[in-house]
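Take 1457 as the starting number for the first sequence in the numbering used here and just add one per residue. Quick reminder that beta carbons are idealized off the backbone N, C-alpha and C, glycines included. Report on the structure given below.
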Amino acid sequence: MATLIICEKNNAAQRVASILAKGKYSKTFMNRVPVFRFPWNNTEGIVVGLRGHILNFDYPKEFKNWNIDDLERLVATPPVKYTTATWIMNTLQDLAKQIDTVIVATDFDREGELIGAEAISVMNMKPDIKILRARFSALTGPEINGAFENLIELDHNLAKAAEARQIVDLAWGAVLTRFMSTSTGKLGADFLSVGRVQSPSLAIIVNREKEIENFDPQPFWEVLADLEKEKHFFAKHAHGLFWEKEEADKVFEVVKDAKVAKVIESESKAVPDRPPAPFNTTVFLAEASKMGLSASRAMAIAERLYNDGLLSYPRTDNTVYPRTLPIRHILEKLTKSDLGKEAGEILAQEKLRPSRGKMQTTDHPPIHPVGAATKAKLKGDDWRIYELVVRRFLATLAPDAIIERGNALFDINGEQFQAAGHETLEKGWQVYYPYFKFKDIFIPKMEKGEEISILKVRGREGKTEPPRRYSQGTLIREMEKLGLGTKSTRHEIVQKLYDRSYVQGSQMRPTIAGTVIVETLEDNAEMIVKPDMTSQLEKDMTQIAEGKIDQKKVVTESQEMLASSLKVLFEHKENIHKEVNEALKNQNQMGQCPKCGKGNLLIRKSKRGKRFMACDAYPDCENTYPIPQYGAITPHKEPCKVCEGPIVKVVMSRRKPQEICLDIDCKANKERREKYAKYKASLTESKTPAKKPAKKSAKKPAKK
DNA sequence: GCAAGGTC
């Protein structure tokens, strides 16, 4: 007989097999699932990797159609589980016949416990098969070996806690999404989604926009002195900003004719600027966002580079390299990359002391390179992401930058002025991580009592500015701070807001739809737009895991709250329908029709559900344009340079945003389509036709 | 055709 070891993913399965088998194992495939076998403890060890969850909840078939009259019933209807990976289930069932022990070796966290429990539940095992759990928090020899020497029990309460979240999320998500969509007639491609994480995230964007709209800029005045020693520099009146012009004028009158500023005190000192912390997912996405890449695209690239053996696992909260990380070995590998020179320089340092961040977890190391790549091989954004991760890794190992900071206090006709400046003396890590701009601000060395000549004294008027809009990067940081979503889902949630046309732009602004959804929910189902729902759910899950309350109680209470929210929504149904539709009338306006010059271009839907753009002066003007069926479409201010037709921006998930001319006959368009046709042809040529359909059919049965 | 969480 044998022991089956179940891991959460193939990569982990391979590592576990390699460690337990001391490198000597066989790899075979069952239903295309890799299976690792080796002699182990006088029996056979069999390791398989899952693909995360292999079961998911959904409602019974009778609720398949979205019917507003079903919603009250849906609240209390328990969802049913179905498999999302039948081929993996079949493999597990086949293997179950060969074993007497099964060890769950999924990730050591709440979802991991549930993923393991799901695998057990689909295996149809004989009751005498022993079930054990290996708990390890890193895929290293000592951790894995230790875990398998000290096996524990599967924690059913922990799995139940994760399951409670699934049930609650589906109930609120499905019921409120269906209500919003059916009550307003927004069905099909432009349905209105609602969820525990997405709706509070959207509310962050909507609320920020309101802050900006309601912002009342306050005028302020400053008094500045342009000084000169060696070079020009300037000092500000020590009072800082004046909110009353008279006060600034008073100071200005005193100092306006002064010719010298007397140094009261002046100091300068060299201070170290520590290298940045290692990358976790959030900071990685924030940096990629600054480079102009969407979170979804950056993550898609990082996942690909991970699968190609170039980057480590990209989903991690950890910002501290584990002691076991073979830093020197990685640097040696990197010397063969296009950043080889830089890697060599770091390697040549006497000591390698990496920086550390505040968050330390033990599941995965911070994101770092694991293989060498060249610009010629990766190209484009793939290379930019790889380079970003490599440079971050190098920077975390590089020396401090040394910054000289200077401060001075002056007396000008009895008024105090301040000056500050800084200069980079040694670039240190900045050499390896040139993504920030470090601009020196000049301030000379000065002695106490020294008189500095004044070039000019001037007043400056300014206005306070509203808070800035969120970028994808800063939103993800805020979500992390509020406990919304996880390292694996935040980028998807942000993308979802774009896909639903709730937000637009790289400086995120809510659309009319996004704003009206948040306002409606705030008025009628406030809970779902607050991050508190997530923190309460976390508390409940902890209690379930500790065995203090049972899953049923949490689910029932949640159902009751959902029922009362739904009741409120139904009471205002007519009003919601009216308000949402009035607001959305403006949502699809795409600018003036270039053909008739009178009408507005609108996104409309054909009877078959295909969307297209048409002039709203129809039937007087019959101008229409085909548009992409997927992706968020926003109008572009400038018309096409080639044909003066309308240009739209299309943002599709995991892709580069595109600006395309809608006129089919436009030359620019023709070239683009020819290029695309060529590209498509090259794909079908280079791939064996048998392979792709096979892969598709393997996925299909999962959906049922 | 709904969510969010894993992973590809």
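Review point. Got a sec? Which residues, its chain only, sit under 7 Å from residue 1531 by beta carbon, not counting five neighbours each side?
Key: Your numbering for residue 1531 matches position 75 in the first sequence. Apart from sequence neighbours up to five positions away, the residues of its chain that approach residue 1531 with a beta-carbon distance below 7 Å are 1627, 1631, 2015, 2018, 2019 and 2022, ordered along the chain.
Review point. Which of helix, strand or coil does DSSP assign to residue 1770?
Key: Here the question's residue 1770 lines up with position 314 in the first sequence. Residue 1770 carries a coil assignment under DSSP once its states are collapsed to helix, strand and coil.
Check your understanding: Can you name the residues that DSSP bridges to residue 1459?
Key -> Residue mapping note: residue 1459 aligns to position 3 of the first sequence, counting from 1. Checking the DSSP bridge columns, you'll see residue 1459 partnered with 1501 and 1557.
Point to revise | Candidates 1913, 2067 and 1670, of which the one nearest residue 1922 by Cα | key: As a working mapping, residue 1922 is identified with position 466 in the first sequence. For the options 1913, 2067 and 1670, the alpha carbon positioned closest to that of residue 1922 is the one of 1670.
Check your understanding: In or out: residue 2040 buried (at least 16 other Cβ within 10 Å) or exposed?
Key -> On the first sequence, residue 2040 is found 584 positions in, with the first residue counted as 1. Burial of residue 2040 is indicated by the presence of at least 16 other C-beta atoms within 10 angstroms of its C-beta.
Review point. Smallest Cα separation from residue 1805: which of 1516, 1904 and 1851?
Key: Numbered from its first residue, the first sequence carries residue 1805 at position 349. When only C-alpha atoms are compared, the closest one is 1851.
Check your understanding: Is the number of C-beta pairs between the stretch 1642-1661 and the stretch 1983-1997 that are closer than 8 Å three or more?
Key -> At 8 Å Cβ cutoff, the stretches touch.
Practice item. Answer with buried or exposed for residue 1675, where buried requires no fewer than 16 other C-beta atoms within 10 angstroms of its C-beta. Key: Counting from 1 along the first sequence, the entry for residue 1675 is found at position 219. Result: exposed.
Review point. How long is the line joining the alpha carbons of residue 1511 and residue 1745, rounded to whole angstroms?
Key: Position 55 of the first sequence holds residue 1511. Position 289 of the first sequence holds residue 1745. Rounded to whole angstroms, residue 1511 to residue 1745 spans 33 Å at the Cα level.
Check your understanding: How would you call residue 1529, buried or exposed, if buried means at least 16 neighbouring beta carbons within 10 angstroms?
Key -> For the purposes of this step, residue 1529 is identified with residue 73 of the first sequence, where counting begins at 1. It counts as exposed.
Check your understanding: Three or more beta-carbon pairs under 8 Å between the stretch 1613-1626 and the stretch 1994-2010, yes or no?
Key -> Yes: at least three Cβ pairs fall under 8 Å.
Check your understanding: Using a Cβ-Cβ cut-off of 7 Å (strictly less than) and excluding sequence neighbours within five positions of residue 1621, which residues of its own chain qualify?
Key -> For this step, residue 1621 is matched to residue 165 along the first sequence. When the five nearest sequence neighbours on each side are left out, the beta carbons in the same chain lying within less than 7 Å of the beta carbon of residue 1621 are those of 1993 and 1997, in order along the chain.
Point to revise | Own chain partners of residue 1668 with C-beta closer than 6 Å, once the 5 adjacent residues on each side are dropped | key: Counting from 1 along the first sequence, the entry for residue 1668 is found at position 212. Cβ neighbours of residue 1668 beyond the five flanking positions: 1922.
Point to revise | Minimum length 4: unbroken alpha helix (DSSP H) runs contained in the stretch 1722-1783 | key: Given a length threshold of 4 residues, each whole run of the alpha helix (DSSP H) inside the stretch 1722-1783 is given here in chain order: 1737-1746 and 1751-1763.
Review point. Straight-line CA distance for residue 1570 to residue 1730?
Key: Start at 1 with the first residue of the first sequence, and residue 1570 comes out as number 114. Start at 1 with the first residue of the first sequence, and residue 1730 comes out as number 274. Straight-line measurement puts the Cα of residue 1730 at about 41 Å from the Cα of residue 1570.
**Study point:** Segment contact flag, the stretch 1736-1755 with the stretch 1924-1936, C-beta cutoff 8 Å, min 3 pairs
**Key:** With a cut-off of 8 Å, the stretch 1924-1936 and the stretch 1736-1755 count as touching, because enough Cβ pairs lie within range.
Point to revise | First through last residue of the alpha helix (DSSP H) which encompasses residue 1570 | key: The residue given as residue 1570 occupies position 114 in the first sequence. Note, residue 1570: alpha helix (DSSP H), 1566-1578.
Exercise for review: Work out the CA separation of residue 1545 and residue 1496 for me, nearest whole Å.
Suggested key: To locate residue 1496, count along the first sequence from 1; it is residue 40. To locate residue 1545, count along the first sequence from 1; it is residue 89. Cα to Cα, residue 1496 sits roughly 24 Å from residue 1545.
Review point. In terms of residue numbering, what span does the alpha helix (DSSP H) encompassing residue 2081 cover?
Key: Here residue 2081 is taken as the residue at index 625 of the first sequence, counted from 1. Looking at the DSSP string, residue 2081 is not in any alpha helix (DSSP H); the run it does join, the beta strand (DSSP E), is 2080-2082.
Review point. To the nearest whole angstrom, what separates the beta carbons of residue 1825 and residue 1749, a pair I think is in contact under 8 Å?
Key: Indexing the first sequence from 1 puts residue 1825 at position 369. Indexing the first sequence from 1 puts residue 1749 at position 293. No, residue 1825 and residue 1749 are not in contact; Cβ-Cβ is about 18 Å, not under 8 Å.
Check your understanding: Under a Cβ-count criterion, where at least 16 other Cβ atoms within 10 Å of its own Cβ denotes burial, should residue 2012 be classed as buried or exposed?
Key -> Here residue 2012 is taken as the residue at index 556 of the first sequence, counted from 1. With fewer than 16 Cβ atoms within 10 Å of its Cβ, residue 2012 is classed as exposed.
Review point. Are residue 1841 and residue 1761 touching if we call contact CB-CB under 8 Å?
Key: Indexing the first sequence from 1 puts residue 1841 at position 385. Indexing the first sequence from 1 puts residue 1761 at position 305. Yes, these two residues count as a Cβ contact at 8 Å.
**Study point:** DSSP state of residue 2160 mapped onto helix, strand, coil
**Key:** For the purposes of this step, residue 2160 is identified with residue 704 of the first sequence, where counting begins at 1. Confidence is the limiting factor: at residue 2160 the pLDDT is only 32, short of 50, which leaves the residue's position unreliable, though a coordinate-based value still follows. Assignment of residue 2160 by DSSP, reduced to helix, strand and coil, places it in the coil class.
**Study point:** Own chain, CB closer than 8 Å to residue 1680, minus 5 neighbours either side, in chain order
**Key:** Taking the first sequence and counting its residues from 1, one reaches residue 1680 at position 224. Within the same chain, residue 1680 has close Cβ partners 1690, 1691, 1692, 1693, 1913, 1914, 1915 and 1916.
Exercise for review: Compare the C-alpha of residue 1726 against each of 1909, 1598, 1484 and 1858 and name the closest.
Suggested key: The residue you call residue 1726 lines up with position 270 of the first sequence. Distance from the Cα of residue 1726 is smallest, within the candidate group 1909, 1598, 1484 and 1858, for 1858.
Practice item. Taking only the alpha-carbon atoms, compute the straight-line gap between residue 1867 and residue 1717 and give it to the nearest angstrom. Key: To locate residue 1867, count along the first sequence from 1; it is residue 411. To locate residue 1717, count along the first sequence from 1; it is residue 261. C-alpha separation (whole angstroms): 6 Å.
Point to revise | Selected residue, minimal CA-CA separation from residue 1886, among 1817, 1733, 1520 and 1823 | key: By 1-based counting over the first sequence, the position of residue 1886 is 430. In this structure, 1733 is the residue among 1817, 1733, 1520 and 1823 with its C-alpha nearest to the C-alpha of residue 1886.
Practice item. Using beta-carbon positions only, say whether residue 1752 and residue 1902 come within less than 8 Å of one another. Key: Within the first sequence, residue 1752 is the residue found at index 296, counting from 1. Within the first sequence, residue 1902 is the residue found at index 446, counting from 1. Result no, Cβ atoms of residue 1752 and residue 1902 do not sit closer than 8 Å.
Practice item. Would you list the one or two residues that DSSP bridges to residue 1514? Key: Position 58 of the first sequence holds residue 1514. For residue 1514, DSSP records a beta bridge to 1536.
Check your understanding: First and last residue of the alpha helix (DSSP H) that includes residue 1490?
Key -> Within the first sequence, the letter at position 34 stands for residue 1490. The continuous stretches of alpha helix (DSSP H) do not include residue 1490, which lies in the beta strand (DSSP E) extending over residues 1489-1496.
Review point. Looking at the unbroken alpha helix (DSSP H) that takes in residue 1994, where does it start and where does it end?
Key: To locate residue 1994, count along the first sequence from 1; it is residue 538. Where residue 1994 is concerned, the enclosing alpha helix (DSSP H) stretches over 1988-2001.
Point to revise | Element boundaries [alpha helix (DSSP H), containing residue 1955] | key: Mapped onto the first sequence, residue 1955 falls at position 499. According to the DSSP assignment, residue 1955 belongs to the alpha helix (DSSP H) that extends over 1946-1955.
Exercise for review: Go ahead and label residue 1982 buried or exposed: buried means 16 or more other beta carbons lie within 10 angstroms of its beta carbon, across all protein chains shown.
Suggested key: Within the first sequence, numbered from 1, the residue matching residue 1982 stands at position 526. Under this definition residue 1982 is an exposed residue.
Exercise for review: Only counting runs of 4 or more residues, tell me where the alpha helix (DSSP H) segments fall wholly within the stretch 1796-1858, in order along the chain.
Suggested key: Annotation: the stretch 1796-1858 contains the following complete segments of the alpha helix (DSSP H) (minimum length 4 residues), in chain order: 1796-1803, 1831-1834 and 1836-1853.
Point to revise | Residue from 2050, 2067 and 2054 with nearest C-alpha to residue 2119 | key: Reading the first sequence from its first residue, position 663 is the one you call residue 2119. Minimum Cα distance to residue 2119 is reached at 2050.
Point to revise | Per-residue burial, residue 1492 [other beta carbons within 10 Å of its own, 16 or more giving buried] | key: Residue numbering aside, residue 1492 sits at position 36 when the first sequence is read from its first letter. Under this definition residue 1492 is a buried residue.
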